[in-house]
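*Asks:* Quick note on numbering: the UniProt record's numbering labels position 118 of the sequence shown as 118, and the sequence is numbered without any gaps.
Heads up, the beta-carbon is just placed ideally off N, CA and C, and yes, glycines get one too.
Sharing a structure below in C-alpha cells format, with a few things to ask.
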Amino acid sequence: VVIQQMGRFEEALRSYRNAARVHPEVATSFFNMAKAYQDVGRVRDAIAMFRRAVIVKPDFYEAKASLAGALTPLRLWGKAVELLEEAMTLRPDNAEGLYLLAFALMHVCGWDKLQGVMQRLRGAVDTRVASNQPPGVEPYATLTFPWHPLSLLSVARHHSQAASSLVR
C-alpha cells in the first residue's frame, strides 16, 4: 500500500498480483489491486478485482461499497444500488455508504426507498459532526438535501473548519 501511495502503481500492482497468487484466500490483496487500478484509471480491471474481493470475503464492506462506486461511472446504477443495499446490512450507519446509496437511488428513481435512506444518512451525518468527525458527504451535495437548515449549517461549518486548517 505504501508503494501505491508513493505513486508507483505498476510496482504496487505487481506486489498485489503476487500476494493474490500466493494467498488467493486473502481478499485485501484483490481489494488493494482494485484500488490501484482505479488510481490509474483502469475502471474495468478495478471492478473485476473488487468482485474477486467480494467473492473471497462476502462480508467485506469496503469491497462491496467500492465495487458499487466503481460501477457508477459506467452508469450501472441498478447493480450499484443492489451492492450498496447489501453493504449497508454490514454497516447500517456508515455515512459514506448511505450517501452513495442515496445518490444511486436518485439515478434509478428509487423514490420509495430514498426517504428512509436520507433519514438514516442525516442521522449518521449528525452523529459524526457532533463527535467532530468528517460528515462523510460532499459539501455541495448536502445543499440539495431536504434537511433542516441547522443540519446543513453544521455540515457546512465542519467543511469550512477542515478547509481552514488546510490553509494554515
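#1: Round the Cβ separation of Ala95 and Pro135 to the nearest angstrom and send it over; I've been treating them as touching at under 8 Å.
#2: What residue from Phe103, Arg91 and Arg157 has the CA that sits closest to Ala75's CA?
#3: The alpha helix (DSSP H) spanning Trp111 covers which residue range?
#4: Starting from Gly136, follow the alpha helix (DSSP H) in both directions and report where the run begins and ends.
#5: What number of angstroms, rounded off, separates the C-alpha of Leu150 from the C-alpha of Asp45?
#6: Answer with buried or exposed for Ala162, where buried requires no fewer than 16 other C-beta atoms within 10 angstroms of its C-beta.
#7: Quick check on Trp77: does DSSP put it in helix, strand or coil?
#8: Could you please give the first and the last residue of the uninterrupted alpha helix (DSSP H) stretch that includes Phe9?
#9: Specify the secondary structure class of Glu25 as computed by DSSP and reduced to three states.
#10: Out of Gly116, Gln38 and Arg42, which has the shortest C-alpha to C-alpha gap to Asp93?
#11: Considering only their Cβ atoms, is the gap separating Ala48 from Ala12 smaller than 9 Å?
#12: Is it buried or exposed, Arg157, if we count other Cβ atoms within 10 angstroms and call 16 or more buried?
#13: Rounded to the nearest angstrom, how far is the Cβ of Thr144 from that of Val155, given a contact under 8 Å?
*Replies:* The answer reads as follows:
#1: 6 Å
#2: With the sequence shown as reference, residue 75 is identified as Arg, and Ala is not the correct amino acid for it. With distances taken between Cα atoms, Arg75 lies closest to Phe103.
#3: Trp111 to Ala130
#4: Element bounds for Gly136: n/a, residue is neither H nor E.
#5: 42 Å
#6: exposed
#7: helix
#8: Phe9 to Val22
#9: coil
#10: Gly116
#11: no
#12: exposed
#13: Their Cβ separation, rounded to whole angstroms, is 12 Å, which puts Thr144 and Val155 out of contact at 8 Å.
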